[in-house]
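Chemist:
Residue numbers (full-length UniProt numbering): 1 to 103.
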């Protein structure tokens, strides 16, 4: 059984015991969070597709850790004007383990 969920403006295909990295969620390591924006549930029989969300469906997950993503270098330059700016960015992420899908 799998589900397609939406969190942080992105969509993820998840199944039980999957480990995913999502945009930061305000929760401590070890806590359980419920993701209720479920777009589709499939696996047992015909898939349930929401319009836009599946009514009554939710996905429960355990927070493993709060982490930071890889560094992205932002470099701006305007030629012939001696304009150069170098900046770095590391996105805050939450690592989740999917514990169950409730259809």
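Ideal Cβ positions, reconstructed from N, Cα and C, are used throughout, including at glycine.
1. So who's on the other strand from residue 54, going by DSSP bridges?
2. Any heavy atom of the ligand ZN inside 8 Å of the beta-carbon of residue 65?
3. Need the endpoints of the beta strand (DSSP E) that residue 20 sits in, please.
4. In chain order, what residues of the same chain lie with their CB nearer than 8 Å to the CB of residue 93, ignoring the 5 residues before and after it?
5. In this structure, does DSSP put residue 76 in helix, strand or coil?
6. So what does DSSP say about residue 67, is it helix, strand or coil?
7. Per DSSP, what are the beta-bridge partners of residue 15 in this structure?
8. Sorted by chain position, which residues of the same chain lie with C-beta nearer than 6 Å to residue 91's C-beta, five sequence neighbours on each side aside?
9. With 16 other CB atoms within 10 Å as the buried threshold, where does residue 3 fall?
Modeler: In brief:
1. In DSSP, residue 54 forms no bridge with anything.
2. Among the components of this structure there are no ligands whatsoever, and the ligand ZN is therefore not found.
3. Counting along the chain, the beta strand (DSSP E) containing residue 20 begins and ends at 19-23.
4. Cβ neighbours of residue 93 beyond the five flanking positions: 21, 22, 23, 24, 66, 67, 68 and 69.
5. If DSSP states are grouped into helix, strand and coil, residue 76 belongs with the strands.
6. For residue 67, the secondary structure class from DSSP, reduced to helix, strand or coil, is strand.
7. Secondary-structure assignment with DSSP links residue 15 through a beta bridge to 2.
8. Apart from sequence neighbours up to five positions away, the residues of its chain that approach residue 91 with a beta-carbon distance below 6 Å are 69, ordered along the chain.
9. When all chains shown are included, residue 3 counts as buried.
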